[in-house]
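Take a look at the structure below.
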Amino acid sequence: MIGRRVVEATKPLWLRIAGYWYPRGGIPIDVFWQTGTPPEGSWLPETGVAPYRGRG
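Numbering-wise (the numbering used here), the sequence shown opens with residue 169 and increments by one.
Next up, the structure:
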């Protein structure tokens, strides 16, 4: 809902929102939201966050 409100207010060509949390206990919470496919030819930096691998 927040992302939709930001898009409605700012009218960007494309928008990606990402949040990374590392709370106590060591379980990361990664949240991503974007408005659609990135524009052709756009550069997106690597997030630097390893995908979740589960216990082990």
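Beta carbons are placed, not taken as given, at the ideal position from N, Cα and C, and that holds for glycine. If you're wondering where the values come from, they're calculated on a predicted model, not measured in any experiment.
Residue i - containing alpha helix (DSSP H), residue span
i           : result
residue 172 : 170 to 178
Continuous beta strand (DSSP E) stretch holding residue i: start and end
i           : result
residue 185 : 184 to 189
residue 201 : 197 to 202
Length of the line joining the Cα atoms of residue i and residue j
i           : j           : result
residue 196 : residue 190 : 5 Å
residue 207 : residue 179 : 15 Å
residue 213 : residue 184 : 12 Å
residue 219 : residue 188 : 12 Å
Supposed close pair residue i, residue j - CB separation, criterion 8 Å
i           : j           : result
residue 182 : residue 203 : 6 Å
residue 174 : residue 186 : With 8 Å as the limit, residue 174 and residue 186 do not qualify as a contact, their Cβ atoms being about 13 Å apart.
residue 201 : residue 171 : 5 Å
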